[in-house]
Amino acid sequence: MSTGYENFLLEIKPATEFGEQSSDDLSSEWDTDDAENLSKQTLKKKVSAWGKIRTIVHQLTPFIQTYKKQRYPWVQLAGHQGNFKAGEKPGTILKKFCAREKEAFEILMNDSLRPFVPKYYGSDAEDDYIELEDLLGRFGNPCVMDCKIGVRTYLEEELLKAKEKPKLRKDMYEKMLQIDRTAPTSEEHQMRGVTKPRYMVWRETISTTASFGFRIEGVRKSDGTSSKDFKTTKSEPEVKVAFKSFIDGYEHIVKQYLERLHELRHALEQSKFFSSHEVIGSSLLFVHDSKQASVWMIDFAKTIPLPNGVPPLRHDVPWSVGNHEDGYLIGLTHLIKIFEELIQ
Ligand code: I3P
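Per this note's numbering, the sequence shown starts with residue 20, numbered consecutively.
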């Protein structure tokens with residue numbers, strides 16, 4: 020695919036997630052404190068204005084609107100390009116700058132995990148973007164699958180922040196409703212909002228995150244069709260159906276995926292980066308065409324060094340507040356098991 024994996028990622032988000040916002044950047048409208056200060060009428064006006072923008076952008080740019088990290092849909096409406104754009108050098112992409120991700124890549128370039136992450140070429144002078152290898156460049160009409168790894172998808176610090184100053188996310192409440200109208204508590208229904216950790220934990224339990232340590236975020240097949248309809252894919256048979264569909268017609272390359280996953284596990288065991296970082300919200304990107312298959316670790320915006328005094332992480336033990344464990348290896352072990360069973 021000549022356009023790079025940013026386009027794949029742009030495509031796979033469903034329209035229903037268009038209202039996604041960052042708690043850091045955009046949630047003030049939904050903060051309890053702020054909401055209290057607004058009259059009901061003002062709040063109603065704001066919501067309906069938002070709804071209109073959402074509709075317009077949805078009609079004009081149905082794919083770009085739903086990009087994973089896109090938290091400024093009106094910015095898209097104004098022509099901004101979202102989190103990714105084509106790199107200036109061939110074979111590269113530019114990803115919206117995130118200091119944590121930049122720091123992670125800087126360390127990863129000198130770590131045993133280097134062959135398992137996109138090459139990092141630095142950031143621009145203004146720190147607007149980081150430049151990364153386009154992982155799809157070497158594939159012809161690739162099939163791509165994004166699996167978010169770990170038993171947990173929020174940082175311990177997010178949890179702490181939410182406890183100290185709970186913020187209500189209306190967008191997350193609405194996303195919850197779209198999947199299960201009975202999921203919010205009566206109090207949440209009343210407030211028409213949920214906190215981010217509450218939503219994230221709920222998402223973990225309705226999918227395979229909490230049980231298997233990974234979940235499928237999106238799949239794109241070589242015929243160009245894509246789906247992100249995996250939020251409630253929870254049982255092993257359901258995961259296998261999705262994986263089978265992903266490799267349908269390419270069964271001969273599954274062995275390559277397995278080899279790569281075993282190599283990754285070995286590299287993780289050697290990695291100083293891995294033992295010293297809480298890896299949250301990071302994905303494994305599976306890419307294959309008719310000749311080759313490979314897997315990379317991507318998305319390090321929520322990968323952070325352990326605080327002083329916390330012992331190196333094992334990544335294969337349960338999380339409890341304070342131990343910073345993320346269950347990354349629990350997820351990898353399950354993925355390997357499922358691919359092994361698919362070969363059989
Ligand atoms: C989103 C998903 C993202 C998360 C985002 C959520 O939920 O969990 O990982 O971003 O939070 O809305 P969903 O997949 O159900 O749409 P981060 O990982 O960056 O926290 P956000 O809306 O605050 O960006």
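Cβ coordinates follow ideal geometry from the N, Cα and C atoms, glycine included. Just so it is clear, the structure is predicted and the values come from calculations on it, not from any experiment.
- Message: Taking a contact to mean a Cβ-Cβ separation below 8 Å, would you say I323 touches L178 in this structure?
- Response: no
- Message: Using only the alpha-carbon positions, how far apart do W315 and Q209 sit?
- Response: 43 Å
- Does DSSP put W338 in a helix, in a strand, or in coil? coil
- Query: With respect to the alpha helix (DSSP H) encompassing L178, which residues constitute its N-terminal and C-terminal limits?
  - Reply: 175-183
- Query: Do the CB positions of R234 and C162 come within less than 8 Å of each other?
  - Reply: no
- Task: Helix, strand or coil for A320, going by three-state DSSP, please let me know.
- Result: coil
- C-alpha gap between G110 and M191, whole angstroms: 36 Å
- Query: Which whole-angstrom value describes the C-beta separation of G237 and S246, a residue pair presumed to lie in contact below a C-beta threshold of 8 Å?
  - Reply: 7 Å
- Message: Please state whether the Cβ-Cβ distance between Y276 and F158 is less than 8 Å.
- Response: no
- Message: Suppose contacts are defined by Cβ-Cβ distances below 8 Å. Is K253 in contact with I225 by that definition?
- Response: yes
- Message: Just to confirm my understanding: we take P216, look at its own chain, exclude 5 residues before and 5 after, and list those with CB closer than 7 Å. What are they?
- Response: Y173, E177, L178, A181
- CB-CB under 6 Å to E207, same chain, minus the five flanking residues each way: which ones, in chain order? V213
- Message: Classify P203: buried if its beta carbon has 16 or more other beta carbons within 10 angstroms, exposed otherwise.
- Response: buried
- Under 8 Å, do A286 and C117 count as touching if we go by C-beta distance? no
- Query: Do you know how far the Cα of E152 is from the Cα of P137?
  - Reply: 5 Å
- Query: Per DSSP, K115 forms a beta bridge with which residues?
  - Reply: Y148
- Message: What does the alpha-carbon distance come out to for the pair K104 and S205?
- Response: 42 Å
- Task: In angstroms with no decimal places, state the Cα-to-Cα distance between P337 and V329.
- Result: 15 Å
- Query: Comparing the CB of R222 with every heavy atom of the ligand I3P, is any distance shorter than 7 Å?
  - Reply: yes
- Message: I need the DSSP call for I272, collapsed to helix, strand or coil.
- Response: helix
- Task: Identify the continuous alpha helix (DSSP H) that holds K356 and give its terminal residues.
- Result: 347-362
- Where the alpha helix (DSSP H) through F292 begins and ends: 291-294
- Query: Candidates L155, L132, Y139: which alpha carbon is nearest I149's?
  - Reply: Y139
- Item | G300 Cβ short of 7 Å to the ligand ADP heavy atom set | The ligand content of the structure shown is limited to the ligand I3P, which means the ligand ADP is not among them.
- Item | First through last residue of the alpha helix (DSSP H) which encompasses M191 | 189-198
- Task: Examine the ligand I3P and report whether any of its heavy atoms sits within less than 7 Å of the Cβ of T172.
- Result: yes
- Task: Please go through the same chain and pick out, in chain order, the residues whose beta-carbon is closer than 6 Å to the beta-carbon of E297, but skip the five residues on each side of it.
- Result: I323, H343, D345
- Compare the Cα-Cα distances from H271 to each of Q311, R133, G350 and report the closest residue. Q311
- Cβ atoms of V258 and T227: under 8 Å apart, would you say? yes
- Query: Within 8 Å (strictly less), CB to CB, does K115 reach chain D?
  - Reply: In the structure shown, chain D does not exist; there is a single protein chain.
- Item | A320: CB within 7 Å of a non-hydrogen atom of the ligand I3P | yes
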